[in-house]
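Quick note: to get my numbering, add 2 to the position in the sequence shown (first position is 1).
Here the structure is laid out as structure tokens; the discussion comes afterwards.
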Amino acid sequence: MTTPGNGGTTLTRDDFDRIERLRSGFLDDARGDAALSDYWRCDRDLRAYDRVLAARIGWKWDAALAECRDRGLPRSDGATVLDYGCGTGIAARRYVEAFGAGTVLCHDRSAAAMAFATQQLRAEHPTVTARAQRDLRTLQPDVLLVSHVLAELDANGEAELLALIAKSRTVVLVEPGTHRVARRLAVLRGKLLATHRITAPCPHAGTCPSLQNGNDWCHFFAEPPPHVFTEAFWAHASRELHIDLRALPYAFLALQREAAAVAPPDNRVLGRPEITPHEARVLVCTEPGLRQAAVTKRHDAALWKRLKKDPATVRSVPPSTLRG
Ligand SMILES: C[S@@+](CC[C@H](N)C(=O)[O-])C[C@H]1O[C@@H](n2cnc3c(N)ncnc32)[C@H](O)[C@@H]1O
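Structure below.
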């Protein structure tokens, strides 16, 4: 499923300025591992963010949740879903669309964000109960959602999140597909193996091979919906904010207390393929480590073509293509 078209009213200069300010905070690596302080000043910040940055995050959720569904993650109608660091609540909205829920709890350190997210959920999913949840101490969520929060937490914040994850039956984290955040997620994954089993995207439950070499990071690219390439709204947003509409890199991790219902594939394709006229080269994750695979046009023209034209649809490749 995709977020509906964002046509209608255009964004103003004031909206773009708000988005730029928020984005420069998110992208500021100089902060190191210190927490990012609260940046939501008012509803207009949240509204501007929701129309552009959250919409793009929503498409990453759609891709991650489609993979979770294929790996047997069950529906959660009637369940209590907690959106931690909810912002405008895009993660919960995409999750409810795909898997259902009974009650959605919106948690954020910002009261304005909790109110906005709750309102959006009620408008988009009127049959689901949505409310703000400030205190997490006694909560044991059926499903915990974490979206683009990890990079904003210091060591204390991450320890709190870890404790919350330990109390949750199912957890889905979707984060930016940057080197820094994806590797932080891979380190977190190692800690979560003590309490949970991996549902997606990993093909194995061993140590994350992306951590063996400092140049690697586990990430994928989501496909934006087609309307993004035809709507004036997105052309304008892309021009003003210098956003490449095609690039939606993300990292994710879905875990359950129980083993996934569907056996993992032999390997998982990472990043983007390198396409030559004769073959498509991809980096894949396998239990012993990351490996190169080559899909040749001569031996598998259909798969080579998919990797060229529609790479997001290719999650794994035949073991016979692995090299080295
Ligand atoms: C980049 S925004 C992402 C918002 C939303 N999850 C999304 O994907 O669009 C990060 C959110 O995490 C919240 N946040 C940061 N640190 C937090 C903490 N320690 N506890 C609760 N919320 C936090 C921020 O207020 C903000 O709303």
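Here a beta-carbon is modelled for each residue, glycine too, at the ideal position from N, C-alpha and C.
Here the structure is a predicted model, which means the values were calculated and not measured.
For the beta strand (DSSP E) containing residue i, list its first residue and its last residue.
{"i": "R77", "result": "Here R77 belongs to no beta strand (DSSP E), and DSSP marks it neither H nor E."}
{"i": "S149", "result": "145-149"}
{"i": "C44", "result": "Careful: C44 lies outside any beta strand (DSSP E) and carries neither H nor E."}
{"i": "S159", "result": "Ser is not the amino acid found at residue 159; the sequence shown has Gly there. From DSSP, G159 is part of no beta strand (DSSP E) but of the alpha helix (DSSP H) over 157-168."}
{"i": "A153", "result": "No beta strand (DSSP E) contains A153, which DSSP labels as neither H nor E."}
{"i": "L272", "result": "270-277"}
{"i": "E2", "result": "Since the first residue of the chain shown is 3 and the last is 326, residue 2 is not available in this structure."}
{"i": "V316", "result": "V316 -> no beta strand (DSSP E), and no H or E assigned at all."}
{"i": "Q294", "result": "291-298"}
{"i": "R133", "result": "131-134"}
By Cβ distance, which residues of its chain are closer than 6 Å to residue i, with the 5 residues on each side in sequence left out?
{"i": "A153", "result": "V183"}
{"i": "I338", "result": "No information on residue 338 is available, as it lies outside the stretch 3 to 326 that the chain covers here."}
{"i": "R185", "result": "W219"}
{"i": "G208", "result": "E289"}
{"i": "D16", "result": "none"}
{"i": "T5", "result": "Summary for T5: the model assigns pLDDT 40, below 50, so the residue's position carries little reliability; its value from the coordinates is reported in the next sentence. Excluding sequence neighbours, T5 sits near A57, G60."}
{"i": "R293", "result": "V286, L324"}
{"i": "E22", "result": "none"}
{"i": "D79", "result": "G102"}
Assuming residue i and residue j form a contact by the criterion Cβ under 8 Å, report the distance between their Cβ atoms to the nearest whole angstrom.
{"i": "V297", "j": "W306", "result": "5 Å"}
{"i": "A56", "j": "G89", "result": "7 Å"}
{"i": "A117", "j": "V106", "result": "About 14 Å separates the two Cβ atoms, so there is no contact after all."}
{"i": "H109", "j": "Q135", "result": "5 Å"}
{"i": "L175", "j": "L255", "result": "5 Å"}
{"i": "A165", "j": "L13", "result": "Rounded, the Cβ-Cβ distance is 39 Å, inconsistent with contact."}
{"i": "C204", "j": "G192", "result": "That pair is no contact at about 11 Å."}
{"i": "H195", "j": "I167", "result": "The question names His, but residue 195 is Leu in the sequence shown. Contact flag wrong, Cβ pair sits at about 11 Å."}
{"i": "A282", "j": "P275", "result": "5 Å"}
Under 7 Å Cβ to Cβ from residue i, same chain only, skipping five residues before and after it: list those, please.
{"i": "Q214", "result": "G291"}
{"i": "A314", "result": "A65, F223, A224, E225"}
{"i": "R111", "result": "D40"}
{"i": "D337", "result": "The first residue shown for the chain is 3 and the last is 326, placing residue 337 beyond what the model contains."}
{"i": "I245", "result": "A239"}
{"i": "L29", "result": "none"}
{"i": "G179", "result": "H221, F222, P251, Y252, A253"}
{"i": "G273", "result": "H221, L285"}
{"i": "D302", "result": "none"}
{"i": "G159", "result": "A37"}
{"i": "G7", "result": "Reliability of the predicted coordinates at G7 is poor, the pLDDT of 49 falling under 50, and the value obtained from them is presented with this limitation in mind. Taken in chain order, the residues that qualify are H229, E233."}
Return yes when the C-beta of residue i is under 6 Å from any heavy atom of ligand 2, and no when it is not.
{"i": "E225", "result": "This structure lacks ligand 2; the ligands present are ligand 1."}
Mind checking which residues open and close the alpha helix (DSSP H) that includes residue i?
{"i": "G102", "result": "Counting along the chain, G102 falls outside any alpha helix (DSSP H), and DSSP gives it neither H nor E."}
{"i": "A36", "result": "Counting along the chain, A36 falls outside any alpha helix (DSSP H), and DSSP gives it neither H nor E."}
{"i": "A57", "result": "57-72"}
{"i": "A263", "result": "Premise fails: A263 is in no alpha helix (DSSP H) and is neither H nor E."}
{"i": "G27", "result": "15-28"}
{"i": "R124", "result": "113-126"}
{"i": "R308", "result": "303-311"}
Which same chain residues, not among the five before or five after residue i, have their C-beta less than 8 Å away from its C-beta?
{"i": "L48", "result": "W42, G89, T90, A114, A115, F118"}
{"i": "V319", "result": "N269, V271, V284, V286, A295, V297, L305"}
{"i": "A261", "result": "R199"}
{"i": "R300", "result": "H280"}
{"i": "P321", "result": "D268, N269"}
{"i": "R77", "result": "F101, G102"}
{"i": "M3", "result": "Annotation note: pLDDT 36 at M3 (below 50); position unreliable, coordinate value reported separately. The answer, listed in chain order, is D64, R96, E99, A100."}
{"i": "K169", "result": "L141, Q142, P143"}
{"i": "L123", "result": "G91, A94, R95, V98, V106, C108, V130, A132"}
Are the Cβ atoms of residue i and residue j separated by less than 7 Å?
{"i": "V83", "j": "V145", "result": "yes"}
{"i": "L250", "j": "K62", "result": "yes"}
{"i": "E230", "j": "L243", "result": "In the sequence under discussion, the amino acid at residue 230 is Val, which differs from the Glu named in the question. No."}
{"i": "A253", "j": "H206", "result": "no"}
{"i": "T201", "j": "C70", "result": "yes"}
{"i": "D156", "j": "A263", "result": "no"}
{"i": "L163", "j": "Y97", "result": "no"}
{"i": "R171", "j": "R73", "result": "no"}
{"i": "A188", "j": "S149", "result": "no"}
{"i": "G104", "j": "A125", "result": "no"}
{"i": "L24", "j": "Y51", "result": "yes"}
{"i": "R133", "j": "T120", "result": "yes"}
For a minimum of 3 consecutive residues, which ranges assigned as the beta strand (DSSP E) are wholly contained in the stretch 177-261?
199-202, 251-258
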